[in-house]
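FYI, the numbering used here numbers position 71 of the sequence shown as 148, with every residue one higher than the one before it.
Quick reminder that beta carbons are idealized off the backbone N, C-alpha and C, glycines included.
For clarity, every value in this text was computed on a predicted model and none was experimentally measured.
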Amino acid sequence: MSDAETVGRDGGELDGFHIGQVPHGVGAEVSDFASEWEDITVATRVWERQVEEGYRVDLRVHVLRGDRLSDLAALHDFLAEYHERDPAAWDLVDFAHPDGPGLISESEAFWLVEPGVAVDVLLDPEHPDAQALRATAEAVTRTGTA
Numbered sequence: 078m079s080d081a082e083t084v085g086r087d088g089g090e091l092d093g094f095h096i097g098q099v100p101h102g103v104g105a106e107v108s109d110f111a112s113e114w115e116d117i118t119v120a121t122r123v124w125e126r127q128v129e130e131g132y133r134v135d136l137r138v139h140v141l142r143g144d145r146l147s148d149l150a151a152l153h154d155f156l157a158e159y160h161e162r163d164p165a166a167w168d169l170v171d172f173a174h175p176d177g178p179g180l181i182s183e184s185e186a187f188w189l190v191e192p193g194v195a196v197d198v199l200l201d202p203e204h205p206d207a208q209a210l211r212a213t214a215e216a217v218t219r220t221g222t223a
């Protein structure tokens, strides 16, 4: 798949970060949410589409803030709990995001921007696209406004 086929529209700004692109074909329904879990604030943007069974989430971007996120290992541990994953079974490899160290799989990429600030990008795990995920994650950058 070429970059033109992988890259879609601009995703806007979310809690101090610009989502420079979303993958081609991601649903047009966009919602923002703010929550807190285990003393971590989570700003979330979700792209979804209507399907026969209801709605399907195509893409999620989370901006995470909290003292617990002190390093990449702490971020990994938090996300394993948050997403209810077995850390030992989570197939991740190193991901060098321009804003900081991270980890990536076929359907999720996350990185630590600085202690206390992280970003998590997830594609629909039923339709993973590693190239689109990497391009989308690399296009999420700090705006300096939060």
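Our two residues, ASP116 and THR213, have alpha carbons roughly 27 angstroms apart in a direct line. Rounded to the nearest angstrom, the gap between the Cα atoms of GLY88 and GLU130 is 26 angstroms. The continuous alpha helix (DSSP H) containing HIS153 extends over residues 149 to 159. PHE187 sits away from LEU210, with the two beta carbons spaced by 8 angstroms or more. Annotation: ARG137 to VAL123 spans about 5 angstroms, alpha carbon to alpha carbon.
When C-alpha distances from GLY102 are compared across PHE110, LEU152, GLU125 and TYR132, the shortest belongs to GLU125.
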